[in-house]
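Counting the sequence shown from 1 gives a position; our numbering is that position plus 6. All residues carry an ideal CB built from backbone N, CA and C; glycine is no exception. Structure first, commentary second.
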Amino acid sequence: MFLRDTWYAVAWDSEIKHAPFARTVCGEPIVLYRQMNGAISCFEDCCPHRLLPLSMGYLQGEHLVCKYHGLEFNECGQCVWMPGQEGVRKDFNVGTYPVAEKHRFVWVWIGDPRLAAESKIPDLHWCSDPNWIFEGSTYHMKCDYLLLVDNLMDLSHETYVHPTSIGQREIVEAPIKATSDDFTVTLTRWMYGIDPPPFWSANLRSGEKCDRWQICQFSLPANVMIDVGVALAGTGAPEGDRSKGVTGIVVNLMTPETETSTWYHWGMARNFQTEDRGLTFRIRDGQAAVFAEDLVVLDAQQQSILQRPGRELRNLKIDAGGVHARRIIERELARQSQTTPA
Ligand code: FES
Ligand SMILES: [Fe+2]
Numbered sequence: 007m008f009l010r011d012t013w014y015a016v017a018w019d020s021e022i023k024h025a026p027f028a029r030t031v032c033g034e035p036i037v038l039y040r041q042m043n044g045a046i047s048c049f050e051d052c053c054p055h056r057l058l059p060l061s062m063g064y065l066q067g068e069h070l071v072c073k074y075h076g077l078e079f080n081e082c083g084q085c086v087w088m089p090g091q092e093g094v095r096k097d098f099n100v101g102t103y104p105v106a107e108k109h110r111f112v113w114v115w116i117g118d119p120r121l122a123a124e125s126k127i128p129d130l131h132w133c134s135d136p137n138w139i140f141e142g143s144t145y146h147m148k149c150d151y152l153l154l155v156d157n158l159m160d161l162s163h164e165t166y167v168h169p170t171s172i173g174q175r176e177i178v179e180a181p182i183k184a185t186s187d188d189f190t191v192t193l194t195r196w197m198y199g200i201d202p203p204p205f206w207s208a209n210l211r212s213g214e215k216c217d218r219w220q221i222c223q224f225s226l227p228a229n230v231m232i233d234v235g236v237a238l239a240g241t242g243a244p245e246g247d248r249s250k251g252v253t254g255i256v257v258n259l260m261t262p263e264t265e266t267s268t269w270y271h272w273g274m275a276r277n278f279q280t281e282d283r284g285l286t287f288r289i290r291d292g293q294a295a296v297f298a299e300d301l302v303v304l305d306a307q308q309q310s311i312l313q314r315p316g317r318e319l320r321n322l323k324i325d326a327g328g329v330h331a332r333r334i335i336e337r338e339l340a341r342q343s344q345t346t347p348a
């Protein structure tokens, strides 16, 4: 079961072109395309005639044409042409989903469309603010999105999964502080007077001792923003002065595809050296390599879980963030099952 009354990032805005784009979200296959005026249409990916995926079809002007017998749907999903019939039957419209474009992503609302206010799209202002640079990509993960939430809310794994880039011993040694309210969980870790790991010393342009922070925030449905960075040791970063440091926001948007697969949109926003486009893509490529290491681990973890039905995941102190986040998700799922008719 998935949280349905919420916006999910389904693609980067640049991915949706004037052509059918298929994606499955919360188990529901959908098809999107961009109209000539730039607006986006989003339909159930299923022709009401013989149920062929409409994403196999093609666009004719603003209309999506089914590949099998040519039923034609306008940008609102209304059937406007059918073969071998006089006129058009009114009960052949295709289901539509609310869709919106914001902060470089395309968002779809899978649940009750009456609840789909654009104001509910998560605040990712770093991704669209001209004072920040944001770049990233998408990975298709063969794992439950909850495993990704666990992973991102427990960065102690960096020491073991990412030892050559961002991992270091101090991460597992530094204490963490977990706080939560009804809808978010925040996990804070500070490491004082440590050697910057390779990624950060390159961006700080210094190998001197630094104070390093990782502040992970989970919010519904499955978004994790991680405020990360380093500053020269003792220059006041823990008290809020980051002027002798570099900051990035690691953006992680998990969109469940099925119970055991996830569209994972990730990227990093930064407000330092913003004019350096080469750095933008070096960071993106570096992040791609780091997250590819997570992909290997999480795919294997999911396989192992599937091979052992009934076997439980166990928690250590380091899992506090994921445990809180899962609790919030479970509570919302319970609320959803009470309010949604079967
Ligand atoms: S299946 Fe789409 S037109 Fe027949
Ligand atoms: Fe990781």
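Closest by C-alpha distance to residue i, when choosing among the options
i: Glu-50; options: Gln-84, Lys-23, Val-94, Met-42; result: Gln-84
i: Arg-320; options: Cys-32, Ala-180, Ser-343, Leu-153; result: Leu-153
i: Ile-324; options: Ser-143, Ala-184, Glu-124; result: Ala-184
i: Lys-96; options: Asp-150, Ala-294, Pro-54; result: Pro-54
i: Pro-136; options: Ser-249, Asn-277, Thr-286; result: Asn-277
i: Phe-140; options: Gln-279, Ala-295, Pro-315, Ser-310; result: Gln-279
i: Val-257; options: Arg-175, Trp-138, Thr-266; result: Trp-138
i: Val-100; options: Gln-66, Glu-92, Glu-124, Leu-60; result: Leu-60
i: Thr-12; options: Pro-26, Asp-201, Ala-122; result: Ala-122
i: Arg-195; options: Trp-206, Asp-201, Pro-181; result: Pro-181
i: Gln-306; options: Thr-345, Gln-220, Asp-150; result: Sequence check: residue 306 is Ala here, not Gln. For the residues Thr-345, Gln-220, Asp-150, the minimum Cα distance to Ala-306 belongs to Asp-150.
i: Leu-312; options: Pro-26, Asn-43, Asp-233, Thr-266; result: Thr-266
Run of the beta strand (DSSP E) containing residue i, from where it starts to where it stops
i: Ser-225; result: 216-225
i: Arg-276; result: 267-276
i: Tyr-198; result: 190-200
i: Val-252; result: 251-264
i: Ile-36; result: 34-40
i: Glu-107; result: 105-108
i: Tyr-14; result: 13-18
i: Trp-113; result: 111-115
i: Met-88; result: Per DSSP, Met-88 belongs to no beta strand (DSSP E) and is neither H nor E.
Residues of its chain near residue i, where Cβ-Cβ distance is below 6 Å and the 5 sequence neighbours each way are ignored
i: Val-303; result: Val-167
i: Gly-199; result: Lys-215, Ala-239
i: Glu-263; result: Thr-30, Trp-269
i: Val-71; result: Gly-63, Tyr-64, Glu-78
i: Ala-243; result: Asp-217, Ala-237, Gly-251
i: Asn-209; result: Val-252
i: Met-7; result: Leu-339
i: Ala-352; result: The question about residue 352 has no answer, for the chain in this structure spans 7 to 348.
i: Thr-102; result: Phe-49, Gly-83
Cβ-based neighbour list, residue i, same chain, cut-off 8 Å, excluding 5 preceding and 5 following
i: Val-112; result: Ala-15, Val-16, Ala-17, Trp-18, Asp-19, Glu-21, Ile-22, Leu-38, Ile-46, Val-105, Ala-106
i: Gln-41; result: His-24, Ser-47, Glu-68, Glu-81
i: Thr-170; result: Pro-204
i: Arg-290; result: Glu-141, Gly-142, Ser-143, Gly-273, Met-274
i: Ala-298; result: Tyr-145
i: Phe-189; result: Ser-225, Leu-226, Ile-334
i: Lys-126; result: Thr-12, Trp-13
i: Cys-133; result: His-109, Arg-110, Phe-111, Phe-140, Val-257, Gly-273, Ala-275
Contact set for residue i: own chain, Cβ-Cβ below 7 Å, skip 5 residues either direction
i: Asp-300; result: Asn-157, Val-167
i: Gly-328; result: Val-155, Asp-156, Met-159, Asp-160
i: Arg-10; result: Cys-32, Ile-116, Gly-117, Gln-342
i: Gly-76; result: Pro-89
i: Asp-247; result: Thr-241
i: Leu-330; result: Per the sequence shown, the amino acid found at residue 330 is His instead of Leu. Around His-330: Ala-184, Ser-186, Val-191.
i: Arg-56; result: Tyr-74
Cβ-heavy atom distance, residue i to ligand 1, below 7 Å
i: Leu-58; result: yes
i: Tyr-39; result: no
i: His-146; result: no
i: Gly-254; result: no
i: Cys-53; result: yes
i: His-24; result: no
i: Leu-259; result: no
i: Cys-85; result: no
i: Tyr-74; result: yes
i: Leu-77; result: yes
Range covered by the alpha helix (DSSP H) that runs through residue i
i: Leu-301; result: 283-313
i: Pro-204; result: 204-210
i: Ala-340; result: 326-345
i: Val-155; result: 151-158
i: Arg-175; result: 175-179
i: Tyr-166; result: 164-167
Around ligand 2, Cβ to any heavy atom closer than 7 Å, ordered along the chain: Checking every Cβ against the heavy atoms of ligand 2 under 7 Å gives Asn-157, His-163, Glu-164, Val-167, His-168, Val-296, Phe-297, Glu-299, Asp-300.
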